[in-house]
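Counting from 56, one number per residue, gives the positions in the sequence shown under this note's numbering.
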Amino acid sequence: MSRHIRVWDLPLRLFHWSLVVAVVVAMASGLKGNMQVHEKAGLAIVTLLAFRLAWLFLGSTYARIGALLGALPRIPDYLRGQWRKPGHNPLGVLSMAGMLLLLGWQSVSGLFTNDDSVFTGPLYRLISKADSLWVTGLHRQTFWLLVGLIGLHVATVLFYWLVKKNNLIKPMITGTTEAINDEYKPATGGRWLAFVLSCVLAGGALYVAQGSWVPKPPPPAPAAALPF
Ligand code: HEM
Numbered sequence: 056m057s058r059h060i061r062v063w064d065l066p067l068r069l070f071h072w073s074l075v076v077a078v079v080v081a082m083a084s085g086l087k088g089n090m091q092v093h094e095k096a097g098l099a100i101v102t103l104l105a106f107r108l109a110w111l112f113l114g115s116t117y118a119r120i121g122a123l124l125g126a127l128p129r130i131p132d133y134l135r136g137q138w139r140k141p142g143h144n145p146l147g148v149l150s151m152a153g154m155l156l157l158l159g160w161q162s163v164s165g166l167f168t169n170d171d172s173v174f175t176g177p178l179y180r181l182i183s184k185a186d187s188l189w190v191t192g193l194h195r196q197t198f199w200l201l202v203g204l205i206g207l208h209v210a211t212v213l214f215y216w217l218v219k220k221n222n223l224i225k226p227m228i229t230g231t232t233e234a235i236n237d238e239y240k241p242a243t244g245g246r247w248l249a250f251v252l253s254c255v256l257a258g259g260a261l262y263v264a265q266g267s268w269v270p271k272p273p274p275p276a277p278a279a280a281l282p283f
């Protein structure tokens with residue numbers, strides 16, 4: 056009889072699917088030039104990434120940094136078909152790290168952008184206008200890199216499903232996977248207290264990112280009274 060074990064905890068799954076929605080909204084609104092929505096989606100991504108950062112340390116077994124770093128040296132084994140463990144496979148760790156780092160850069164850099172007209176990011180005032188324009192240029196260029204990486208991610212997941220007959224999407228929805236050997240141990244940890252703490256840290260990141268704490272520039276001096 057097949058045995059199913061817990062592999063992805065609920066907060067990690069909620070993080071993943073919320074990230075998908077936030078990234079799609081950020082990309083669509085950015086392309087359409089709807090900066091009000093774009094800024095909100097960017098702030099949502101910063102918050103989600105801060106949550107995931109905390110979850111690297113507080114989450115359950117296969118979401119933790121130890122499991123991810125432990126998989127990396129096994130890339131040669133994986134390529135020889137000798138990787139049979141639950142959680143991210145060694146190449147999956149690379150793709151995940153690439154996406155998270157790039158999304159981190161993209162969402163944080165967005166906070167410092169300006170469109171040289173009406174829009175300014177919430178932390179724009181912390182740097183000079185010249186630096187902000189430079190960051191804005193990089194923010195625009197990174198967009199296509201991100202599109203490529205996400206496209207590769209989705210294509211890989213579909214390849215596993217349709218060609219290798221290994222459905223990775225189902226565990227990302229249900230949280231469980233079929234144990235095919237004794238190395239398939241159920242994930243432990245990542246319970247309520249860890250979740251609340253990670254949410255508090257993510258809330259702190261949102262507070263910093265939305266910029267209400269940045270001192271406002273002094274109002275322009277009143278024009279000198281004309282003699283007549
Ligand atoms: C904007 C689009 C997407 C982004 C930014 C994204 C990002 C990510 C990230 C960061 C992870 C690692 C999860 C973690 O441990 O934190 C991941 C895993 C995963 N994603 Fe996505 N994802 C996207 C779209 C999708 C879509 C559309 C699907 C389904 C067709 C999908 C299926 C999966 C699956 C199955 C995994 C787990 C892979 C494994 O078992 O190692 N993703 N994704």
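Note that CB positions come from ideal geometry on N, CA and C, so glycine has one too.
Per-residue DSSP class, three states only, for residue i
{"i": "G159", "result": "helix"}
{"i": "A52", "result": "Because the chain here runs from 56 to 283, residue 52 falls outside it and cannot be looked at."}
{"i": "G244", "result": "strand"}
{"i": "E238", "result": "coil"}
{"i": "S183", "result": "coil"}
{"i": "H59", "result": "strand"}
{"i": "S115", "result": "strand"}
{"i": "K36", "result": "Since the displayed the chain opens at 56 and closes at 283, residue 36 lies outside it and no answer follows."}
{"i": "P274", "result": "coil"}
{"i": "S267", "result": "coil"}
Other residues of its chain near residue i: CB distance less than 7 Å, five sequence neighbours each side excluded
{"i": "V80", "result": "V92, A96"}
{"i": "I224", "result": "V212, W216"}
{"i": "S284", "result": "With the chain represented from 56 up to 283, any question about residue 284 goes unanswered, as that position is not in the structure."}
{"i": "L46", "result": "Past the boundaries of the shown model lies residue 46; the chain is included only from 56 to 283, so the question cannot be answered."}
{"i": "L104", "result": "L155, L158, G159, S162"}
{"i": "R129", "result": "W138, P145"}
Run of the alpha helix (DSSP H) containing residue i, from where it starts to where it stops
{"i": "L65", "result": "65–87"}
{"i": "G121", "result": "120–126"}
{"i": "Y133", "result": "130–134"}
{"i": "T168", "result": "Note, T168: premise wrong, no alpha helix (DSSP H); not H, not E."}
Proximal residues to residue i (C-beta, below 6 Å), its chain only, five neighbours per side dropped
{"i": "G203", "result": "none"}
{"i": "S187", "result": "F167, N169, Y179"}
{"i": "A83", "result": "none"}
{"i": "M90", "result": "F174"}
DSSP beta-bridge partners of residue i
{"i": "S197", "result": "Before going on, a small fix: residue 197 reads as Thr here, not Ser. In DSSP, T197 forms no bridge with anything."}
{"i": "T211", "result": "According to DSSP, T211 bridges with nothing at all."}
{"i": "T231", "result": "R61"}
{"i": "T175", "result": "N169"}
Own chain, CB closer than 8 Å to residue i, minus 5 neighbours either side, in chain order
{"i": "A77", "result": "A96, A99, I100, L103"}
{"i": "F70", "result": "L103, F106, R107, W110"}
{"i": "G258", "result": "T102"}
{"i": "G230", "result": "R61, V62, W63, D64, L65, R68"}
Interface flag, residue i vs chain D, CB-CB below 9 Å
{"i": "T232", "result": "Chain labels in this structure do not include chain D; a single protein chain is all it has."}
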